[in-house]
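First residue of the sequence shown: 1, per the working numbering; consecutive thereafter.
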Amino acid sequence: MPLKNYGVLKGRVIGSRPGTGPSPHYQINVVAGATQYRIAINVKSQLAPSELLYLVVENFQHPLTVGLSELGHGFSEVQRRPGGIALDFIRGNLFHRTQMRPLPYSVPGPDNDLNEKLHAYVQRAIDDEDATIYAFGERWGPENDLRDRYFGFLPGNGVHDIHMNQGNSGRFTEQDGVWQDGGLLLHFPAMTGGSGEVLFPEQWVAIFLAFQSQAWHTDDVTGHRITPGGRLKRSPTDAYGLLPQWLIPKEMMQGGSG
């Protein structure tokens, strides 16, 4: 079955912890009003290959950012349909999958693993009190009698599955669905100087993650992988009337900002 409670968390970043251990997740502490949340991001796959595919779009431009800006802080359930703010890596014209690269979660040296790539943008959001984070995925909690195991707030509460959620294999196929992919977006407002001059322009940063074991041809209803020779029921245009990027010849692509 698809994710139980798909939506997006909007808030301000106040802390983080790198992913460690046998099932590492990069942890982000977020506050929205008087409520704290934890965002748990897979940085290593349980299925081989273990390295996740990742893509950072540093100047993300897409119609969904308008809808995100209008949301209130906190967790909002999202309708799993085209034309709204739900994410679908295959149907949503977000990026071209060939732009994604595999990356280990932890290796010696600076700025060369997934923990460090995530931390660079998360730390920037911590330092900028006006920055806003948007985390798409499945909500858990609130767990009224349990403190958060990483940041200690009560009640435990958060969002996980911040990655592609279709085309899975093995026991993870039960989580397949369309228009329910996870992702991380960060909005940094423009910074101006004392005379009103723009020091840094407004910026949307999008971070997309997928497992190498996932398929990129999936059924339009179930989100299950389509085997070679299977039928694709997808319409020739995406939710915004654009040709899906997986159909566009690579030489015609002009970047991953959608």
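For glycine and all other residues, C-beta sits at the position ideal for the given N, C-alpha and C.
In this text, all values refer to a predicted model and were calculated from it rather than measured experimentally.
Looking at the C-beta of Ser16, does it have a partner C-beta in chain C at a distance below 8 angstroms?
-> Absence of chain C from the displayed structure is noted, only one protein chain being present.
For His217 versus Trp204, is the C-beta spacing smaller than 8 angstroms?
-> no
Would you say Leu53 and Gln212 are within 8 angstroms of each other, going by their C-beta atoms?
-> yes
Whole beta strand (DSSP E) runs in the stretch 51-118 with 3 or more residues, listed along the chain?
-> 52-57, 74-77 and 101-103
The stretch 66-80 in contact with the stretch 8-21 per 3-pair CB rule at 8 angstroms = yes
Using the DSSP secondary-structure output, state which residues sit across from Met191 in a beta bridge.
-> Phe200
How long is the line joining the alpha carbons of Tyr26 and Glu116, rounded to whole angstroms?
-> 10 angstroms
Hey, Leu114 and Val43: beta-carbon distance below 8 angstroms or not?
-> yes
Under the rule that 16 or more other beta-carbon atoms within 10 Å means buried, what is Asn112, buried or exposed?
-> exposed
With burial defined as no fewer than 16 other Cβ atoms inside 10 Å of the residue's Cβ, what is the status of Asn59: buried or exposed?
-> exposed
Would DSSP call Glu143 helix, strand or coil?
-> strand
Where Ile28 falls: helix, strand or coil (DSSP) = strand
Given a cut-off of 8 angstroms, decide if Tyr150 and Arg38 are closer than it, judged by their beta-carbon atoms.
-> yes
Pick out whichever of Ala190, Leu3 and Pro49 has its Cα sitting closest to the Cα of Arg101.
-> Pro49
Measure the beta-carbon distance from Leu68 to Ile85 and round it to whole angstroms, keeping in mind my assumption that it falls under 8 angstroms.
-> 6 angstroms
Evaluate Glu138 with the Cβ neighbour count: other Cβ atoms within 10 Å of its Cβ, from every protein chain shown; 16 or more gives buried, anything less gives exposed.
-> buried
Inter-residue Cα distance where the pair is Leu242 and Gly21 | Low confidence applies to Leu242: its pLDDT is 42, below 50, so where it sits in the model is not reliable enough to give any reading.
For Glu143, which of Gly223, Gly183 and Thr35 has the nearest alpha-carbon?
-> Thr35
Closest residue to Arg225 among Glu197, Gly177 and Glu202 (Cα-Cα distance) = Gly177
Expressed to the nearest angstrom, what Euclidean distance is found between the alpha-carbon atoms of Arg91 and Ser195?
-> 44 angstroms
Applying the criterion that 16 or more other CB atoms from any shown protein chain within 10 Å of the CB defines a buried residue, is Phe200 buried or exposed?
-> exposed
Terminal residues of the continuous beta strand (DSSP E) containing Lys7?
-> The sequence shown places Gly at residue 7, rather than the Lys named in the question. Residues Tyr6 to Arg17.
Quick one, which of Asp148, Ser45, Leu3 and Thr98 has its alpha-carbon nearest Ser106's?
-> Ser45
CB contact flag (Phe89, Asp145, <8 angstroms) | no
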